[in-house]
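Under UniProt numbering, the first residue of the sequence shown carries the number 1, and numbering increases by one thereafter. Virtual Cβ for every residue (Gly too), placed ideally from N, Cα, C. Taking it in order: structure first as structure tokens, then the write-up.
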Amino acid sequence: MNQHSCRCDSSPDLIDNDPVTPSYDFDNPIYLAEEEDEEDCELPGELVRLLKQEEKVIQPHEEQIEVVNLGTDEAKKEVKIGAALEESVKSRMVALLKEYIVLQ
Numbered sequence: 001m002n003q004h005s006c007r008c009d010s011s012p013d014l015i016d017n018d019p020v021t022p023s024y025d026f027d028n029p030i031y032l033a034e035e036e037d038e039e040d041c042e043l044p045g046e047l048v049r050l051l052k053q054e055e056k057v058i059q060p061h062e063e064q065i066e067v068v069n070l071g072t073d074e075a076k077k078e079v080k081i082g083a084a085l086e087e088s089v090k091s092r093m094v095a096l097l098k099e100y101i102v103l104q
């Protein structure tokens with residue numbers, strides 16, 4: 001005869017099947033919790049750079065200009081040239097523009 005014996009071990013259960021019930025502190029919700037040293041938090045360098053860039057207001061490009069009269073006091077012919085030009089370059093530019101006007 002074929003003997004099968006059913007043997008039940010009384011060893012402790014290695015897998016705990018009891019559900020774990022978390023404990024909640026409803027008097028102090030998470031969103032009201034205070035974080036320590038919140039002001040001392042350091043941001044990554046890339047994030048700091050992006051925040052500074054976001055703060056900047058985009059302005060139109062403005063170049064310093066100088067108004068030069070190429071004509072006479074009675075017949076003004078004003079042109080605007082860059083004020084940052086060196087004096088020698090500026091004088092040559094004015095001479096060239098006056099020459100151009102004469103040829104017209």
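- At least 8 Å separates the beta-carbon of Ala83 from that of Glu62.
- The closest CA to that of Thr72, considering only Val102, Phe26, Asp27, is found on Val102.
- Residue pairing by DSSP places Lys80 opposite Val67 in a beta bridge.
- Here Ile101 carries a helix assignment [DSSP, helix/strand/coil].
- Look at Ala95 here: in three-state DSSP terms it is helix.
- DSSP places Gln53 in the uninterrupted alpha helix (DSSP H) bounded by 45–55.
- The residues Asn69, in chain order, have a CB closer than 8 Å to that of Lys76 in the same chain once the five nearest residues on each side in sequence are set aside.
- The beta carbons of Leu96 and Val79 sit no closer together than 8 Å.
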